[in-house]
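Just so you know, the protein sequences line up as chains A and B, in that order. Following the numbering used here, the residues of the first sequence are numbered contiguously, the last one being 237. Following the numbering used here, the residues of the second sequence are numbered contiguously, the last one being 387.
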Amino acid sequence: MSEHPLPITPLVQIPESGDPYLQGFKCKSCGAITLKSRMACAKCGGRDTLEPFRLSTKGTLHAYSIIYRAFPGIDVPFVSAIADLEGGGTIKTNLIDVEPDPEKIQLGMDVDVVFQIAPRKDAEGNEYLAYFLKPAA
Amino acid sequence: MGSEDVYITGTDMIKFGKFPDRSIASLGAEAALLALDDAGVTINDIEALYSGNLLMAAGMVGQQIQQEIGQTGIPVVNCSNACATGATALREGWTAIKAGIYDIVLAVGVEKLAGAGMLGGGGGSRSGISPEGLLGSGAMPCVFAEAGMAHSRKYGTTFEQFAQIAVKNHHHSTMNPKARYQIETPLEEVMNAEMISYPNTKLMCSANVDGAAAAVLMSEKKMKELGLGSQAVRIRASVLTTDPWTDRDEVMPDVNTCTRNAAAQAYEMAGVGPEDLDLVELHDCFATAEVLHYENLGLCADGEAGKLIDEKATWHGGRIPVNLSGGLLSKGHPIGATGIANVYEIATHLRGNAGKRQAEGARIGLAHVIGLGTCCGIHILEAPSS
């Protein structure tokens, strides 16, 4: 079992010192920003053109849904949200620190990316560091 | 491309429902035999079979159907393309006739989906912990709710407008004896139904059902040789697209761009525009999706889908009726069959056989499906000339 939390997805970078961050990729040929490494750029087909790109922690809420019916073992309701990040890149994760009520959630509102230990562990007891969205401070 | 047109000379579907005691092959076979009878031909006349099924994609479903209706040794192609599976199978048949390889083929779509529950997002990750419910939701009701909310952000589309789609499609299904459900659902009932994934309530989600549909396709030469002109529906366009890269598509499957691209190609191929359509069957897997496709298919200008709903333009008797069958919401959505059942519905109107739900004087209709992953299939059909 790891002594330190593991990244929930390869998007999460946990440096030796300093804050965790999200790392995507940017194509140096066409400028497309993607969340995962690929053999060639999905937009322009460029080979060896994707370079690591640190995603912003500031963004705007593009869309969301409030989930009431989920798979067994998942607490509801929760808010699934999509945010466009400053400087490029779009992520999807839970929107937290907000009431799950359409009256309380404004499309287009400013949101921040925050990092927290996920409430689930894996079978070996490892903890995972996850990223969430919350209304901008 | 070959110059000869391709015609649907026979098509039918079984009543969608729940058939726990029947095999997938028997459902597909029943639809196949109905379509063959409609065309007045037998399995011995068929030169190739295109079978669409998603959940048993490794099960050689086309051959299982042959074993029920006649093993004549013809080529069978088993197709799987998410919710565009049926349309893909039909289009493969069209392609082969267009290429001049065959003169008469059979396309069958079949799925057993009753009781399947929510699709998508349920699988755990290969290592670590499942991100479902932490990093948002990948379940289909959420994916299409988010797609709808992006429309709300842009144009102010309301929960009530989304709900009106379900009111309409459930109403239309009361006139379709082959629909899974035939129950009126007033607006309050739709809006107060169990909320699955805001803004989609349970009555705004497609019905998981068992079902099958089939179509016999013929070259113009064969159609004329058999004297089927009075029932032959001409395929004016058959198009399949995938989703080109768009900026949000890694987290938000883009069902819009592939539909817009497919529509543009289909209208060009058919030499018609959206203003020429008399009816549309489009992929209302969730009520929110139908709203997006009004604009994607050019049934109205961008930003005017809400107005189209408010004016009831897409109801039976309206300017451009949409999903007269009851749609996936009420007729049901047996994935592999859906794309052929949509074509059956359009063809039935074009032949003037749609009974109470008939689109009066329909000459041109469009059938649209989306498969998440992502692809889009569109067929534009024209009424028999005589």
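Every residue gets a Cβ at the ideal spot worked out from N, C-alpha and C, and that includes glycine. Note that this is a predicted model, so its numbers are computed, not measured.
Contact list for residue i against chain B, beta-carbon separation under 9 Å
| i | result |
| --- | --- |
| H162 of chain A | E147, M150, A151, R154, R249 and M253 |
| P235 of chain A | Within 9 Å Cβ-Cβ: nothing; P235 of chain A doesn't reach chain B, min ~16 Å. |
| I174 of chain A | S131, E133, G134, L135 and S138 |
| G208 of chain A | R154 |
Residue-chain proximity (residue i, chain A), Cβ-Cβ < 8 Å
| i | result |
| --- | --- |
| E189 of chain B | no |
| I166 of chain B | no |
| C143 of chain B | yes |
| M192 of chain B | no |
| W246 of chain B | yes |
Sequence-distant residues of its chain with Cβ nearer than 7 Å to residue i (five each side left out)
| i | result |
| --- | --- |
| C80 of chain B | Y51, S52, G53, T86, T89, A90 and E93 |
| W316 of chain B | K169 and P322 |
| T43 of chain B | L37 |
| G139 of chain B | G121, G122 and E133 |
| L55 of chain B | S81, A83, T86, E112, I336 and G337 |
| A33 of chain B | I66, I70, L107, V109 and A215 |
| P152 of chain A | Q123 and F125 |
| R261 of chain B | N297 |
Cutoff 8 Å: residue i Cβ touching any chain B Cβ
| i | result |
| --- | --- |
| F178 of chain A | yes |
| D197 of chain A | no |
| D222 of chain A | yes |
| P149 of chain A | The amino acid at residue 149 of chain A is misidentified as Pro; the sequence shows Thr. T149 of chain A does not count as touching chain B. |
| G187 of chain A | no |
| G159 of chain A | no |
| L155 of chain A | no |
| S165 of chain A | yes |
| K143 of chain A | yes |
| P105 of chain A | no |
| L122 of chain A | no |
| A132 of chain A | yes |
Chain-ordered neighbours of residue i on chain A, where CB pairs are closer than 8 Å
| i | result |
| --- | --- |
| L1 of chain B | With chain B represented from 2 up to 387, any question about residue 1 of chain B goes unanswered, as that position is not in the structure. |
| I130 of chain B | I108, A218, R220, K221, D222 and Y228 |
Listed by chain order, chain A residues near residue i by CB distance under 7 Å
| i | result |
| --- | --- |
| I197 of chain B | Y168 and R169 |
Cβ shell of residue i (< 8 Å), same chain only, five flanking positions each side left out
| i | result |
| --- | --- |
| L218 of chain B | V7, Y8, I9, T10, L91, G94, W95, I98, I105, V106, L107, A108 and I236 |
| R220 of chain A | Y228 |
| I108 of chain A | A218, Y228, L229, A230 and Y231 |
| F163 of chain B | G149, P200, N201, M205, A288, T289 and V292 |
| L373 of chain B | A83, C84, G121, M141, V144, P254 and V256 |
| R249 of chain B | D255 |
| C376 of chain B | N82, A83, A85, T89, L241, T242, T243, D244 and C259 |
| A236 of chain A | K158, M209, D210, V211 and D212 |
| Q68 of chain B | A26 |
| L207 of chain A | L161, H162, A163 and Y164 |
Close Cβ partners of residue i (< 6 Å) along its chain, the five nearest in sequence each way excluded
| i | result |
| --- | --- |
| V256 of chain B | I371 |
| L241 of chain B | R92 and G378 |
| G29 of chain B | I66, V109, V111 and A213 |
| G353 of chain B | none |
| G74 of chain B | none |
| R308 of chain A | With chain A running from 101 to 237 in the structure shown, residue 308 of chain A is simply not present. |
Within chain B, the residues that residue i reaches when beta carbons sit closer than 7 Å
| i | result |
| --- | --- |
| A181 of chain A | G137 |
Assumed close pair residue i, residue j - CB separation to whole angstroms, cut-off 8 Å
| i | j | result |
| --- | --- | --- |
| A360 of chain B | D279 of chain B | 5 Å |
| Y164 of chain A | I182 of chain A | 7 Å |
| M205 of chain B | A288 of chain B | 4 Å |
| I196 of chain A | P105 of chain A | Not really, about 17 Å apart at Cβ, beyond 8 Å. |
| Y121 of chain A | I197 of chain B | Wrong, their Cβ atoms sit about 34 Å apart, outside the cutoff. |
| S180 of chain A | E147 of chain B | 7 Å |
| K183 of chain B | S174 of chain B | Looking at the sequence itself, residue 183 of chain B is Gln, so the reference to Lys does not match. Their Cβ separation, rounded to whole angstroms, is 5 Å, which keeps Q183 of chain B and S174 of chain B in contact under 8 Å. |
| V273 of chain B | I381 of chain B | 7 Å |
Interface residues of chain B facing residue i [CB-CB closer than 8 Å]
| i | result |
| --- | --- |
| G146 of chain A | Those do not exist, as G146 of chain A stays about 12 Å from chain B at its closest Cβ, beyond 8 Å. |
| L135 of chain A | E251 and V252 |
| P202 of chain A | F160, Y199 and P200 |
Residue i: contacting residues in chain A (beta-carbon distance under 9 Å)
| i | result |
| --- | --- |
| M119 of chain B | R169, A170 and F171 |
Next item on the list: Jot down the residue ranges of each uninterrupted beta strand (DSSP E) in the stretch 177-220 of chain A, minimum 3 residues, whole runs only, in chain order.
Entry: Here the runs fully enclosed are 178-185, 190-194 and 210-217.
Next item on the list: At 4 residues or longer, and completely inside the stretch 210-249 of chain B: list those alpha helix (DSSP H) runs for me, N to C.
Entry: Segments of the alpha helix (DSSP H) lying fully in the stretch 210-249 of chain B: 221-226.
Note to self: For a minimum of 4 consecutive residues, which ranges assigned as the alpha helix (DSSP H) are wholly contained in the stretch 85-125 of chain B?
What the structure shows: Within the stretch 85-125 of chain B, the complete alpha helix (DSSP H) runs of at least 4 residues are 86-99.
Checklist line | Every unbroken alpha helix (DSSP H) inside the stretch 14-61 of chain B [4 residues or more] | finding: Listed in chain order, the complete alpha helix (DSSP H) runs (minimum 4 residues) inside the stretch 14-61 of chain B are 25-40.
Checklist line | Those runs of the beta strand (DSSP E) which lie wholly inside the stretch 323-378 of chain B and span at least 3 residues | finding: Taking only runs of at least 3 residues, the beta strand (DSSP E) segments lying wholly in the stretch 323-378 of chain B are 365-372.
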